[in-house]
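So for the sequence shown, this note's numbering puts the first residue at 4; every next one is plus one. Even for Gly, the Cβ is constructed at its ideal location relative to N, Cα and C. Nothing here was measured: the structure is a model prediction, and the numbers come from that model. Before any comments, here is the structure.
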Amino acid sequence: MLINNTKYSTISEEQNLNNILYYERLLTEVYRPLRKTDSAVERKKSVEITLGLKIIEVVEQAVIASYKWIKKGENHC
Numbered sequence: 004m005l006i007n008n009t010k011y012s013t014i015s016e017e018q019n020l021n022n023i024l025y026y027e028r029l030l031t032e033v034y035r036p037l038r039k040t041d042s043a044v045e046r047k048k049s050v051e052i053t054l055g056l057k058i059i060e061v062v063e064q065a066v067i068a069s070y071k072w073i074k075k076g077e078n079h080c
C-alpha cells in the first residue's frame, strides 16, 4: 500500500506473497468441480469458512494499520 509515496505495511512482502498464494489455493479448492458427495460438500464448507476467517483477519489488519496511520498524522499536526 502506498500512502504519501511511502510504503506503509504491517506485514512483510514475503508474508504478503504467502498470504496471496494461500488465498489462491483456497479459491481453487472452493471452485474446483465437486462430486455430489457428503465429503465434497463438507470440504467446500470448510474451505469457505477458512477463507472467510482469513478475509476477516486481513480486514482487521487493514483497520489497525489505518488507525495507526491516522493517529500518526494527528500527532504531527
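*ILE58 versus GLY76, ALA68, LYS48, ASN22, residue with shortest Cα-Cα distance*: A check of alpha carbon separations from ILE58 across GLY76, ALA68, LYS48, ASN22 identifies ASN22 as the nearest.
*asked:* Out of LYS48, LEU56, SER15, which one is the CA nearest neighbour of TYR26?
replied: TYR26 has its Cα closest to that of LEU56, out of LYS48, LEU56, SER15.
*Which of helix, strand or coil DSSP assigns to SER49*: If DSSP states are grouped into helix, strand and coil, SER49 belongs with the helices.
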